[in-house]
Amino acid sequence: MKGGDAMPTPDSYDRPSVAVDAVVFGVDTLTPADRKSLRQRILKVLLIQRGEPPFCGAYALPGGFLRRGETVSQAAQRELLEEAGVTQPRLIPLQTYSEPDRDPRGWIISCAFLALTRTVQLSTAQDSDAAAARWLQFDYITGTDRETITLTGGGTDITLHYANGIAAPNVLAFDHAQILRDAFLHLRKAVLHEDLIFDLMPPLFAISDLQQPYESITGRHTSPQNFRKKMGSAITETEFYSETAAHRTAKLYRRKDDSHE
1 MKGGDAMPTP DSYDRPSVAV DAVVFGVDTL TPADRKSLRQ RILKVLLIQR GEPPFCGAYA
61 LPGGFLRRGE TVSQAAQREL LEEAGVTQPR LIPLQTYSEP DRDPRGWIIS CAFLALTRTV
121 QLSTAQDSDA AAARWLQFDY ITGTDRETIT LTGGGTDITL HYANGIAAPN VLAFDHAQIL
181 RDAFLHLRKA VLHEDLIFDL MPPLFAISDL QQPYESITGR HTSPQNFRKK MGSAITETEF
241 YSETAAHRTA KLYRRKDDSH E
């Protein structure tokens, strides 16, 4: 700045709109019809169906615009409540997505979050711009320089392809396929090195209820005995039992730093 020049102010610069998007994972129970097979605990992700342009009718991540006077975390919590009825999720900042052409409406950057919830119940506020919300089963497959994510449930079947970590053209709105992939890999790393898996669990759980989503997220499989040994420092037995299939019972555990009332 030359001598005598006025100091630049915020109004001297163009400013983007700020949005938030959340990749919300939860674990659901798939109960076998024959009552002889073990129940399954499957990883699901929350998508909303857009009710307004652009991408009207397309699936997208829950999210919306930042309002005056709120933080990005508060905006994410508000949008999750309005669009899907998700309350008190574990919110983890992911990264900011700022490609200039990521949104056809204009210059809009997105502060993305990874969110974890212990419930997969749904409700959508009447004044929300989401037409509907849906939990879909999430499956991730990786190969040499290639990745595939499949999202299924309730007649919906979406396949997303990635090459060298970049999403190919797909049916999700905006750049949400890329955000989804990045969030899952962040979750995978965190579950391997931290106790993040417990943010997907109810207060009390059977070992199998913990092991199935753990293996689905990490891609690492082991015997129930070795898994119990691996998690031994993080869990403790309770006096409670749960009926599984064929009237068999399973001992319930809890996270060591949680209390059960």
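In terms of the numbering used here, the sequence shown is residues 1 to 261.
Even glycine gets a Cβ: it sits at the ideal position worked out from N, Cα and C.
Item: For P93, the residue or residues it bridges with in DSSP; Value: F113
Item: Burial state of E82 (16 or more Cβ within 10 Å); Value: buried
Item: Buried or exposed (CB count within 10 angstroms, at least 16 for buried), M201; Value: buried
Item: Neighbour-count burial assignment, E261, 16 or more Cβ in a 10 Å radius; Value: For E261, the pLDDT reaches just 43, beneath the cut-off of 50, and the residue's location in the model is therefore unreliable, although a value from the coordinates is still provided. Flag for E261 reads exposed.
Item: Backbone CA spacing between L204 and R118 [nearest angstrom]; Value: 11 Å
Item: Nearest to F174 (by Cα), restricted to the options R90, D199, S110; Value: S110
Item: The region 85-98 in contact with the region 179-195 per 3-pair CB rule at 8 Å; Value: yes
Item: Segment limits, beta strand (DSSP E) that includes H161; Value: 156-163
Item: For G153, the residue or residues it bridges with in DSSP; Value: T156
Item: Whether A206 touches S233 by CB criterion (9 Å); Value: no
Item: Residues of its chain near D42, where Cβ-Cβ distance is below 6 Å and the 5 sequence neighbours each way are ignored; Value: According to the sequence shown, residue 42 is Ile rather than Asp. D28, L30, Q137.
Item: Rounded Cβ spacing between A190 and A115 (contact assumed at less than 8 Å); Value: In fact, because the Cβ distance is near 13 Å, the residues do not count as touching under 8 Å.
Item: Short Cβ contact (9 Å threshold) for A76 with G85; Value: no
Item: Endpoints, the alpha helix (DSSP H) within which D265 is located; Value: This structure gives no information on residue 265, because the portion of the chain shown stretches from 1 to 261.
Item: Separation of R248 from K229, as counted between CA atoms; Value: 22 Å
Item: Backbone secondary structure at E83 - three-state DSSP; Value: helix
Item: Cα-Cα separation, D257 to G26; Value: 21 Å
Item: Proximal residues to G154 (C-beta, below 7 Å), its chain only, five neighbours per side dropped; Value: R134
Item: Endpoints, beta strand (DSSP E) assigned at Q49; Value: 40-50
Item: Residues near Y97 in its chain [Cβ-Cβ closer than 7 Å; skip 5 each side]; Value: I109, S110, A112, D175, I179
Item: Bridge-paired residues (DSSP) for A167; Value: Y162
Item: Distance between Y214 and L252 (C-alpha atoms, nearest Å); Value: 17 Å
Item: Cβ shell of K44 (< 8 Å), same chain only, five flanking positions each side left out; Value: F25, G26, V27, D28, V120, W135, L136, Q137, F138, G153
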